[in-house]
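In the working numbering, the protein residues as written are 5 to 230. What follows is one structure encoded as structure tokens, with my remarks underneath.
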Amino acid sequence: MNVLGIIASGVAALFITVALAKSARRVALRPHIPDEPGGRAPRAEALRRTGGATAVLGIGTATGAALWLGAADDAAGSVGGLLAGAGAVAALGLVHDLKPLWAALRLTVQTAAAVLVVCLAGLSPAAGVLAVVWIVLVTNAFALLDHADGLLTAVGLVTAAGMLACAFVGGDPALALLPATLVAGLAGFLLHNWHPARLRLGACGAQFTGFALAASGALIQAAAPS
């Protein structure tokens, strides 16, 4: 594990997210953005809901670069699989932010991504089933928190900080990479999500955060000494 690499990835996630969120905020707040036809939500509101994509890109880019540079060699496969699963969940969430999708489709993708993480964690069949259920439940529970300015982002930030501490103390320190970039990326996004919120995490950012945290918890628990 490269501690300096993990710290650097966190700094990168912070700056990338801040830069992307600032650009997205400018676009979302343009006064001349017209409403969509048919009485649907204004385009500006749709853009604000997709703001979570900026956090996902910042966190994902920093984490992926750190993996490529060897910051988490001891757990590169597990973290890479987790990031891929979270990315798939986030991509589907982004589509849902723009055009609502069937719940069955979203649950299927979330379950498949959770199964990938559980397989990488090497859990027993019974523990694996429980972990999959846990990951899917947390993923969707986080989406329900995106109703108050800054609430979801703050909860995700604090939870990620706890996961970061657990990874260093009781699990595999290499698994601290994604929690570290989550802390930094969410902190950067919170600058634009605090009251009055200019951007929201939406389904994309909320489900990415929930999935990444729940799956990280499963991996950290599996790596903890018995």
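Even for Gly, the Cβ is constructed at its ideal location relative to N, Cα and C.
Original post:
When you compare only the Cα positions, how much space is there between VAL137 and THR115?
Top reply: Here residue 137 corresponds to residue number 133 of the sequence shown, with the count starting at 1. Here residue 115 corresponds to residue number 111 of the sequence shown, with the count starting at 1. Rounded to the nearest angstrom, the two C-alpha atoms are 8 angstroms apart.
**OP:** Helix, strand or coil for LYS103, going by three-state DSSP, please let me know.
**Re:** Position 99 of the sequence shown holds residue 103. Correct three-state label for LYS103: coil.
Original post:
Apart from the five residues on each side of it in sequence, which residues of its chain come closer than 8 angstroms, Cβ to Cβ, to LYS26?
Top reply: Against the sequence shown, residue 26 aligns to sequence position 22. These residues qualify, in order along the chain: HIS196.
Original post:
Are the Cβ atoms of ALA169 and ALA210 separated by less than 8 angstroms?
Top reply: Numbered from its first residue, the sequence shown carries residue 169 at position 165. Numbered from its first residue, the sequence shown carries residue 210 at position 206. Result no, Cβ atoms of ALA169 and ALA210 do not sit closer than 8 angstroms.
Original post:
What residue range is occupied by the uninterrupted alpha helix (DSSP H) comprising SER128?
Top reply: Position 124 of the sequence shown, counted from the first residue, corresponds to residue 128. Per DSSP, SER128 is not a residue of any alpha helix (DSSP H), being assigned neither H nor E.
**OP:** Could you spell out the range, first to last residue, of the alpha helix (DSSP H) harbouring THR58?
**Re:** Mapped onto the sequence shown, residue 58 falls at position 54. Its alpha helix (DSSP H) spans residues 56 to 72.
Subject >> Range of the contiguous alpha helix (DSSP H) that encloses PRO229 >> reply: Locating residue 229 in the sequence shown gives position 225, where the first residue counts as 1. That residue, PRO229, is in no alpha helix (DSSP H); it is neither H nor E in DSSP.
**OP:** Under 6 angstroms Cβ to Cβ from ALA223, same chain only, skipping five residues before and after it: list those, please.
**Re:** The residue labelled residue 223 in the question sits at position 219 within the sequence shown. According to the sequence displayed, residue 223 carries Leu and not Ala. SER82, ALA125 and LEU179, listed in sequence order.
Original post:
Looking at the structure shown, is ASN144 part of a helix, part of a strand, or coil, going by DSSP?
Top reply: Within the sequence shown, numbered from 1, the residue matching residue 144 stands at position 140. Three-state result, ASN144: helix.
Original post:
Should SER220 be labelled buried (16 or more other beta-carbon atoms within 10 Å of its own) or exposed?
Top reply: Translated into the one-based positions of the sequence shown, residue 220 becomes position 216. With 16 or more other Cβ atoms from the protein chains shown falling within 10 Å of its own Cβ, SER220 counts as buried.
Subject >> Classification of CYS237 by the beta-carbon crowding that lies within 10 angstroms, buried from 16 upward >> reply: The chain is shown from 5 up to 230; residue 237 falls before or after that span and cannot be answered.
**OP:** Would you check if the segment 51 to 69 and the segment 182 to 194 touch, i.e. whether three or more CB-CB distances between them fall below 8 angstroms?
**Re:** yes
**OP:** Measure the alpha-carbon distance for GLY154 versus VAL133 and round it to whole angstroms.
**Re:** In the sequence shown, counting from the first residue as 1, residue 154 sits at position 150. In the sequence shown, counting from the first residue as 1, residue 133 sits at position 129. A straight-line Cα-Cα distance of about 32 angstroms links GLY154 and VAL133.
**OP:** Could you check what DSSP says for ARG233 in three-state terms: helix, strand or coil?
**Re:** Here the chain covers residues 5 to 230 and nothing more, so residue 233 does not appear.
Subject >> Span of the alpha helix (DSSP H) around LEU168 >> reply: Start at 1 with the first residue of the sequence shown, and residue 168 comes out as number 164. First-last of the alpha helix (DSSP H) with LEU168: 155 to 173.
Subject >> DSSP three-state assignment for ASP176, whether helix, strand or coil >> reply: Indexing the sequence shown from 1 puts residue 176 at position 172. In this structure, ASP176 counts as coil in the three-state DSSP scheme.
Original post:
Which word fits ALA108, buried or exposed, when buried means at least 16 other C-beta atoms lie within 10 angstroms of its C-beta?
Top reply: On the sequence shown, residue 108 is found 104 positions in, with the first residue counted as 1. So ALA108 counts as exposed.
Subject >> N- and C-terminal bounds of the alpha helix (DSSP H) containing ASN197 >> reply: One-based indexing of the sequence shown puts residue 197 at position 193. 181 to 197 is the span of the alpha helix (DSSP H), which, as asked, contains ASN197.
Subject >> Per-residue DSSP class, three states only, for ASP78 >> reply: For this step, residue 78 is matched to residue 74 along the sequence shown. ASP78: helix per DSSP, three-state reduction.
Subject >> LEU18 (DSSP reduced to helix, strand or coil) >> reply: Here the question's residue 18 lines up with position 14 in the sequence shown. Three-state DSSP puts LEU18 in a helix.
**OP:** Please name the residue, chosen from LEU18, ALA79 and ARG29, that lies closest to ALA227 on a Cα-to-Cα basis.
**Re:** Start at 1 with the first residue of the sequence shown, and residue 227 comes out as number 223. Nearest of LEU18, ALA79 and ARG29 to ALA227, Cα basis: ALA79.
Original post:
Whose CA, out of LEU18, THR213, THR67 and THR54, lies closest to the CA of GLY9?
Top reply: Walking along the sequence shown from the start, residue 9 turns up at place 5. Per the Cα distances, THR67.
Subject >> Reduced DSSP category for LEU96 - H, G, I as helix; E, B as strand; rest coil >> reply: As a working note, residue 96 is residue 92 in the sequence shown. LEU96: helix per DSSP, three-state reduction.
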